[in-house]
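**Q** Numbering (the numbering used here), first residue to last: 71 to 709. Just dropping this structure here.
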Ligand SMILES: Cc1cc2nc3c(=O)[nH]c(=O)nc-3n(C[C@H](O)[C@H](O)[C@H](O)COP(=O)(O)OP(=O)(O)OC[C@H]3O[C@@H](n4cnc5c(N)ncnc54)[C@H](O)[C@@H]3O)c2cc1C
């Protein structure tokens, strides 16, 4: 053996041992974040919807122009508003319904690199899939740092029924750890669990699967978990606190390119669904973050290129907590080779997701077939499950897309657009995100990606807008900075001492009049804003009709799935842009996702408390409750 070969061999062994040493202790590769120089908020108390709509309405002449108007208030749109406002651009956002009312409240709630993509990266030696995993693993640590009260590391175990599975999953998850480590995304490292330990944590699990194969153990790996809708609302409120005119229940109804002097602008017409009025907004550029609706938004601006979306839908079901282990999720390989998860979430167990081609609709519903597919997948490991155990069913649409051809002015003719149309199939789809810069219609569209990469998608979009030339005429141009969102914490995670008052601190202390489960709920949902919720409880008590403080801080009668209180409902109505009973039941609390029957029962009381906070007439209150009850149908099985 030559000296060169010996050196290479020794280097390889040394490298392997070194890597084992480094990767074995997660603290050596966990990222650290520097919040000491975090950009200060413009407004410590988050602006109300009334304020942000007021700001947006001031951009109604060609003399007062936004730099960027974001269309869509899901994960990506709110991320873009946060990124652009912290760089110094003048930003507005319109969301036709509520923040996260589209796909962004209907995810599996995982902050993950994607074990599915890892498999493809390894089996097909596909660098694109590898990059997806690496990027998402980097982003997952950032997300958890941005809002630790809404996120947590989540161990997930993969049951193994033969030796090949043990070797395959164990080495795959060690590779996952290594990719996380080199991309500064380590949470905790994976390990093997013996069968008896698996059965101890997951008491419902059987030691044989349906095909009578014996459980050999499980591989446990780490990802993150979040409350997706509350994360999105917090991103919107943080962007507003940095001065962005972020608004919900405002729909873009038309967008026209106009020339003012020697500048090209867009005149957008926006319909305020709460006040039933339409107003104009002038902007230098539109960012289309419409998720599944992004093709229709492109068309509103006059872009006649072909459709870019290949929508696929995914359904989840919610079961009682005992179907999941308490603090650990389970990856359930399904009969057809797809991956399903059973995940403990907010005291229940969610199981999902399916993946099927679909058409685009505002309120998609899961089908009977999808529900039985999910029940059967889990039943393989825990025995038969009665369909009466299903407490809620919900469905979301993935905005997967293909790349568009470049936009040219001549493509505005119908003839050319139809000749460029080709039928799309899912095999053309890339799971990474696409950013399409269309200078002709002054619109940048973003599609694809996933929740976990929302921040990186936003960064790429704002960089694309900033370098497109569309903002060259902006007075803000000279003072803007590069992206700073890696180190930005969301409202609720900024440890603002100003939020606490002596009364609220007493209430939140042990034995201070607020039950433990309610205190935990306030702290995990509102973070450092929990004292403000407690202040609302005290304030409500000071008005005679609300009784004592503890009444406003008591959980609603008949609601067991989540510890929700009148004080929390009032706080959301006043400070979290919660404008309808549905906003509260579906996205400020998550009751509709956890137990639709309880959400139905709670709707009238939620209507009363919100009506009192927002000054609704009794007719307005009844209408809101009626709308909320109608909207809850989407949490039941469709045909
Ligand atoms: C079933 C399922 C499970 C998933 N699980 C995970 C997961 O566990 N982890 C993960 O990382 N990713 C997951 N994803 C992916 C992730 O949820 C999506 O990629 C992400 O939520 C998409 O966000 P978005 O902002 O692009 O779209 P959306 O959230 O759909 O937002 C688009 C918004 O645009 C608004 N809009 C449309 N038209 C207009 C208009 N004219 N004017 C104003 N507003 C308008 C809509 O109301 C909507 O709110 C999952 C996806 C699905 C479907």
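Don't be surprised by glycine CBs; every beta carbon is placed ideally from N, CA and C.
#1: Please work out which residues of its chain come closer than 7 Å, Cβ to Cβ, to residue 540, disregarding the five sequence neighbours upstream and downstream, and give them in chain order.
#2: Taking DSSP's pairing of strands, which residues face residue 222 in a bridge?
#3: Where does residue 520 fall in DSSP's three states?
#4: Excluding the 5 residues preceding and the 5 following residue 644 in the sequence, name in chain order all residues of the same chain whose CB lies nearer than 6 Å to its CB.
#5: Can you give the beta carbon distance from residue 707 to residue 402, rounded, assuming they're within the 8 Å contact cut?
#6: Would you tell me roughly how many angstroms separate the C-alpha atoms of residue 709 and residue 389, rounded to the nearest one?
#7: When burial is assigned at 16 or more other CB atoms within 10 Å of the CB, is residue 284 buried or exposed?
#8: Buried or exposed for residue 117, please, with buried defined as at least 16 other CB atoms from any protein chain shown within 10 angstroms of its CB.
#9: Under 8 Å: do the segment 522-539 and the segment 548-558 share three or more Cβ pairs, one atom per stretch?
#10: Under 7 Å Cβ to Cβ from residue 378, same chain only, skipping five residues before and after it: list those, please.
#11: Assuming residue 184 and residue 229 form a contact by the criterion Cβ under 8 Å, report the distance between their Cβ atoms to the nearest whole angstrom.
#12: Would the beta-carbon of residue 178 be found less than 8 Å away from any heavy atom of ligand 1?
#13: When we look at the beta-carbon of residue 197 and count the other beta-carbons within 10 Å, is it buried (16 or more) or exposed?
#14: For residue 488, count neighbouring C-beta atoms within 10 Å of its own C-beta (all shown protein chains included) and say buried if the count is 16 or more, exposed if not.
#15: Cα-Cα, which of 371, 414 and 215 is closest to residue 387?
#16: Does ligand 1 have a heavy atom nearer than 8 Å to the CB of residue 647?
#17: Would the C-beta of residue 408 count as close to ligand 1, meaning under 8 Å from any of its heavy atoms?
#18: Going by C-alpha to C-alpha distance, which of 297, 292 and 266 sits closest to residue 712?
#19: Identify, in the order they occur along the chain, each residue of the same chain with its Cβ nearer than 7 Å to the Cβ of residue 262, setting aside the five sequence neighbours on each side.
#20: According to DSSP, is residue 386 helix, strand or coil?
#21: In its own chain, which residues sit with a C-beta less than 7 Å from the C-beta of residue 641, not counting the 5 before and 5 after it?
#22: Can you give me the Cβ contacts of residue 694 inside the same chain, cut-off strictly under 6 Å, excluding the 5 residues immediately before and after it?
#23: Should residue 461 be flagged as near chain C, meaning a C-beta pair shorter than 9 Å?
#24: Helix, strand or coil: how does DSSP classify residue 707 here?
#25: Using the beta-carbon count (16 or more within 10 Å), is residue 483 buried or exposed?
#26: Which first and last residues belong to the beta strand (DSSP E) in which residue 342 is found?
#27: Which whole-angstrom value is the C-beta distance of residue 163 and residue 146, which I expect to be below 8 Å?
#28: Unbroken beta strand (DSSP E) runs of length 3 or more, entirely within the segment 198-256: which are they?
#29: Would the C-beta of residue 186 count as close to ligand 1, meaning under 8 Å from any of its heavy atoms?
#30: Give the straight-line distance between the Cα atoms of residue 204 and residue 646, rounded to the nearest whole angstrom.
#31: Should residue 717 be counted as a contact of ligand 1 given a C-beta to heavy atom distance under 8 Å?
#32: Since residue 367 is in the alpha helix (DSSP H), which residue starts that stretch and which ends it?
#33: Which of helix, strand or coil does DSSP assign to residue 440?
#34: Between which residues of its own chain and residue 486 is the CB-CB distance below 6 Å, once the five residues before and five after are set aside?
#35: Which of the three DSSP states, helix, strand or coil, is assigned to residue 471?
**A** Reading off the structure:
#1: 354, 355, 509 and 512
#2: 295
#3: coil
#4: So the qualifying residues of the chain are 683.
#5: About 20 Å; that fails the 8 Å criterion.
#6: 20 Å
#7: exposed
#8: buried
#9: yes
#10: 365, 471, 472, 474 and 517
#11: Not quite, the Cβ-Cβ distance comes to about 20 Å (not below 8 Å), so this is no contact.
#12: Yes, since a heavy atom of ligand 1 falls inside the 8 Å radius drawn around the Cβ of residue 178.
#13: The residue is exposed, with fewer than 16 neighbouring Cβ atoms inside 10 Å.
#14: For residue 488, the predicted model reports a pLDDT of 45, less than 50, meaning its position is unreliable and no value from the coordinates is stated.
#15: 414
#16: no
#17: no
#18: The structure shown does not extend to residue 712, since the chain is modelled only from 71 through 709, so no value can be given for it.
#19: 240, 287 and 289
#20: Under the three-state reduction of DSSP output, residue 386 falls in the strand class.
#21: 602, 603 and 606
#22: 650, 651 and 677
#23: Within the model displayed, chain C is absent; a lone protein chain is all it includes.
#24: Reduced to three states, the DSSP call for residue 707 is coil.
#25: Its pLDDT being 46, under 50, residue 483 is placed unreliably in this model, and the value from its coordinates should be taken loosely. Exposed, because fewer than 16 other Cβ atoms sit within 10 Å of the Cβ of residue 483.
#26: 333-342
#27: Not confirmed; about 11 Å, so no contact.
#28: 221-230
#29: no
#30: Each residue's alpha carbon lies about 34 Å from the other.
#31: Residue numbering for the chain in the displayed model covers 71 to 709; residue 717 lies beyond these limits and cannot be assessed.
#32: 364-370
#33: helix
#34: In this prediction, residue 486 has a pLDDT of 43, which is less than 50 and means its spatial position is unreliable; what the coordinates show is noted afterwards. Short of 6 Å from the beta carbon of residue 486, and not among the five residues preceding or following it, lies no beta carbon of its own chain.
#35: Residue state, collapsed to three classes: strand.
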